[in-house]
Amino acid sequence: MEVSTIAVIRLKGAINVNKFTAEAQKLHDAGTRNLLLHMSELTFLSSAGISALHQIALLYSEKKQTNIEEGQSGNKRGSGSRLHEYVKLFNPSEDIQAVLDITGFKGYFEIFTNLDAAIASFQ
491 MEVSTIAVIR LKGAINVNKF TAEAQKLHDA GTRNLLLHMS ELTFLSSAGI SALHQIALLY
551 SEKKQTNIEE GQSGNKRGSG SRLHEYVKLF NPSEDIQAVL DITGFKGYFE IFTNLDAAIA
611 SFQ
């Protein structure tokens, strides 16, 4: 049985898109295949932040490009209507959940309020 590597990125304030995507790419390049985004201290999610979430979800998809810069062309997955298996969200505020809901991302990412449950969900 293969053991999955799980990483947690803690997001604070407003997402610094360049730093966020670079950190996710670095973790992926190092072998991380499951990513939990800790959002309890995230206060603002812009359209650029939503785009970064999308890029990272594509990166961590099972049939994916190997680099964020390759963009959507490397994505072989379907419409994206199912819950993402490899990137999950932990404890986003009601305001952040509202943004995720408006953009349709709330139905795409599994959202947890219990850290142990979030980590266990990857196995």
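Just so you know, we're using this note's numbering here: the sequence shown kicks off at 491 and counts up by one.
Virtual Cβ for every residue (Gly too), placed ideally from N, Cα, C.
Residues sharing a beta bridge with residue i, DSSP
i, result
"residue 578", "526"
"residue 590", "According to DSSP, which records beta bridges pairwise, residue 590 is partnered with nothing at all."
"residue 499", "527"
"residue 504", "534"
"residue 602", "580"
Range covered by the alpha helix (DSSP H) that runs through residue i
i, result
"residue 512", "507-519"
"residue 605", "605-610"
Under the three-state DSSP convention, the category residue i falls into
i, result
"residue 543", "helix"
"residue 531", "strand"
"residue 549", "helix"
"residue 562", "Residue placement at residue 562 is flagged as unreliable, the pLDDT there being 43, under the threshold of 50; the coordinate-derived value follows with that caveat. Three-state DSSP puts residue 562 in a helix."
Supposed close pair residue i, residue j - CB separation, criterion 8 Å
i, j, result
"residue 529", "residue 592", "Residue 529 to residue 592, Cβ: 16 Å. No contact."
"residue 582", "residue 590", "7 Å"
"residue 502", "residue 531", "4 Å"
Cut-off 8 Å between Cβ atoms - residues of its own chain near residue i, not counting five sequence neighbours on either side
i, result
"residue 537", "none"
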